[in-house]
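These notes are about the structure you will find just below.
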Amino acid sequence: MSQTSKHRYHIGARCSCCHYCFNECPAQAIKFVGTSYEIDEAKCIQCGKCASVCPTGVCYDLLEKKEIQSHDPIVRDAEVVVLGAGGAGLVAAVRAAQLTGKKVVVLEKAKKHGGCTNLGHGFFPYYSKWHQEAGCEDTREEQIEMAYARSEGHFDKALLRKTIYGVGDMFDWMIEFGGWEKWFTRKVTMPNPNAAPAPGSMGGGKSPRLEIDFPERTKNEKSLDHAMGPGFMGTYVVDLMMEQCEKMGVEVFFECPATELKLDENGRFAQAIGTDPGGQVIINAKACIIATGGFAHNDKLFRQVNPKAFEGIPAKRLSVWSDTGDGMALVEPLGGYICLDDDHVRAPAGGPLHHPYNYTLVGMSLSAEPIVDNNGKRVPIELGRRANLDEIPNCVVYSILDQDGADKNGQARYDDDRDHTTHGHEAHRHWQEALDYESSLGFPCRKAWTLEELAEKIGCDPDDFKQTIADYNAWLETYDGPTESPKGTLGVFSRNPVVKPPFYAITLLRFNESASGGIMIDENFRVRKQDSEDVIPGIYAVGDAASGIFCNQKYGGGSVGELNWAMASGFYAGDEAAAYVSG
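What follows is the structure, given as structure tokens:
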């Protein structure tokens with residue numbers, strides 16, 4: 063390939079669609095193709111902006127010739143080694159370094175830090191010092207019972223309790239580092255005796271409620287998608303932790319995945335071996351914290367847990383490419399307990415959702431009727447609620463709107479979000495531009511001036527589609543149900559007949575944010591042995607790598623939140639590892 067080739071920069075197939083490169087490209091050469099971003103060779107000016115801002119390293123220079131210097135094994139002696147520089151791993155590393163005052167080393171598979179935490183909007187404490195200062199009631203025990211009941215007993219209750227309490231402890235600890243004033247907002251509302259406890263705004267009922275928000279982006283400021291980072295609270299956490307790593311002397315090796323763990327003659331953890339582009343990196347340590355993430359991009363493991371996710375149009379995976387279940391492969395040879403059943407892991411193919419496209423249309427598509435399948439037949443999906451698309455042809459559906467419906471739903475979304483984040487409010491202001499832009503791309507949204515033309519763009523029989531619309535319009539004339547969105551739905555809606563052109567079909571697909579769990583741990587985050595209640599001394603697992611509060615979606619498998627679990631488990635595992643090596 064010549065140096066003058068236009069096809070220099072490339073976005074890999076495992077793009078998580080965070081919009082960063084799309085928003086920063088000065089030549090507007092980034093476009094959607096199917097369900098991912100790609101670079102238009104004809105427009106690319108080879109500036110390299112896309113590769114520099116990509117948070118996961120999946121966008122890179124095809125012509126870059128990185129000189130790899132082979133080296134003899136690099137050896138470090140440390141107290142604790144952490145595998146993974148995502149949110150859980152960096153929190154654990156900083157906490158362990160702070161408590162021990164001794165050497166901590168991190169091995170990271172990717173070129174950059176952050177992992178899936180960098181893509182997350184945020185986590186929020188159930189109770190913290192801020193809640194206490196505001197006079198809020200401590201409802202953490204109620205939260206534990208609510209979450210445990212939703213899981214039908216599938217959550218490990220001891221780990222659930224540590225998650226509910228730990229996310230507040232970690233938050234208080236993080237605030238102590240300072241610098242939060244520019245990014246966090248606090249709002250105290252007066253008591254509402256009819257309010258039920260809710261995560262992120264504890265103290266409902268007889269006491270004041272505190273709402274904590276993170277409304278502005280630290281990075282990716284041009285993005286109007288406030289459902290997904292980078293730039294929001296997840297990015298804030300991992301960047302803050304990297305700053306603390308530098309201050310505390312925590313050494314981070316990038317492009318250096320761990321390939322083997324070794325025990326000493328007494329069966330205790332002794333060594334982690336990693337491999338960077340030049341050779342081996344050997345870390346002798348007393349404790350190891352596995353924070354290698356989930357397994358969403360390990361097709362073999364994913365199929366084992368959820369084979370239906372690959373049927374029809376495969377579920378779009380919004381996690382980072384490095385989530386390949388590395389932690390399981392490391393502990394299994396040591397006799398570690400690996401379990402991939404529905405009771406201990408979560409690998410959903412959720413939906414329907416219009417992500418990773420413009421966030422404005424996410425809300426509109428969840429609030430528009432009728433919803434039809436690939437055959438143009440109406441499907442019974444309740445507005446604003448998740449649904450199982452596994453039985454739908456090709457696992458894809460479309461929300462249908464005419465221009466009046468688009469106007470009313472767009473305005474409803476804008477009005478509803480007026481008191482929320484600045485970015486969300488601004489995004490909804492431009493709903494018509496979003497419709498027009500996505501219609502120009504072809505796949506995410508189809509636009510047509512006749513129903514027959516829209517049917518052709520969907521790929522269904524025009525007569526069947528027209529009959530579906532006629533039946534819907536007739537049903538709507540006699541409809542006397544609620545005109546406002548019921549409690550628990552994902553947005554407001556306005557039901558309207560489909561009569562005024564142009565007509566729109568907004569694509570709704572299945573998606574996957576993470577595949578979590580696999581390594582079985584005890585209540586102190588220690589890795590358990592297979593077929594035993596014993597643990598492997600000195601080895602801990604946290605975040606998406608560890609089981610405890612993950613299970614099948616039908617049991618409320620993600621109801622506590624991956625970031626809540628990552629922050630709490632990383633924080634407490636840092637405590638546990640520090641106590642272990644000190645003892």
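Numbered according to the numbering used here, the sequence shown terminates at residue 645, and the numbering increases by one at each position without gaps.
Don't be surprised by glycine CBs; every beta carbon is placed ideally from N, CA and C.
Since the model is a prediction, treat every value here as computed from it, not as a measurement.
Residue ranges of each beta strand (DSSP E) within the stretch 153-187, 3 or longer | 166-169
Helix, strand or coil: how does DSSP classify Gly645 here?
-> coil
Nearest-angstrom beta carbon gap, Val144 and Ala391 [assumed within contact, 8 Å] | At roughly 17 Å, the Cβ-Cβ gap does not stay under 8 Å, so Ala391 and Val144 are not in contact.
Since Met310 contacts Gln465 with CB under 8 Å, what's their CB separation in whole angstroms?
-> Not a contact, Cβ separation roughly 58 Å.
Beta-carbon spacing of Tyr659, Pro432 below 8 Å = Here the chain covers residues 63 to 645 and nothing more, so residue 659 does not appear.
Quick one, which of Val137, Phe276, His406, Gln529 has its alpha-carbon nearest Leu169's?
-> Val137
Please state whether DSSP places Pro369 in a helix, a strand or coil.
-> Of the three classes helix, strand and coil, the one that applies to Pro369 here is helix, per DSSP.
With contact counted as at least three CB pairs below 8 Å, one residue from each stretch, are the stretch 593-605 and the stretch 403-422 in contact?
-> no
Per-residue DSSP class, three states only, for Thr337 = strand
Which runs of the beta strand (DSSP E) fall wholly inside the stretch 392-449 and span at least 3 residues, in chain order?
-> 412-415
When Lys378, His492, His81 are compared against Gly412, the one with the closest alpha-carbon = Lys378
Do you know whose CA, among Gly374, Asp523, Lys370, Pro319, lies nearest Gly146's CA?
-> Pro319
Thinking C-beta only, is Gly610 closer than 8 Å to Ile568?
-> no
Quick one: what's got a C-beta closer than 6 Å to Ala75's C-beta in the same chain, skipping five residues either side?
-> none
Unbroken beta strand (DSSP E) run spanning Pro506, endpoints = Boundaries cannot be given for Pro506, as no beta strand (DSSP E) includes it and DSSP labels it neither H nor E.
Taking just the CA atoms, how far does Thr162 sit from Phe84?
-> 43 Å
What does a CB cutoff of less than 7 Å around Asp231 pick up in its chain, not counting 5 residues either side in sequence?
-> Phe633
Pairing CB atoms from the stretch 450-467 with CB atoms from the stretch 369-388, are three or more of them under 8 Å?
-> yes
Going along the chain, which residues of its own chain have a beta-carbon closer than 7 Å to the beta-carbon of Pro339, five neighbours each way excluded?
-> Ile130, Glu317
Does the distance from the CB of Arg408 to the CB of Asn626 come in under 8 Å?
-> no
Can you give the Cα-Cα distance for Thr321 and Ala332, rounded to whole angstroms?
-> 14 Å
Starting from Ile19 and walking both ways along the beta strand (DSSP E), at which residues does that stretch end?
-> This structure does not reach residue 19, given that the chain is present from 63 up to 645, and the question cannot be answered.
How long is the line joining the alpha carbons of Ser132 and Glu86, rounded to whole angstroms?
-> 35 Å
Where Cys87 falls: helix, strand or coil (DSSP) | coil
Between which two residues does the alpha helix (DSSP H) harbouring Glu195 extend?
-> From DSSP, the alpha helix (DSSP H) with Glu195 extends over 191-195.
Please name the residue, chosen from Leu538, Thr530, Ile462, that lies closest to Trp511 on a Cα-to-Cα basis.
-> Comparing Cα positions, the closest option is Ile462.
May I have a chain-ordered list of the beta strand (DSSP E) segments no shorter than 3 residues that lie completely inside the stretch 259-311?
-> 271-275
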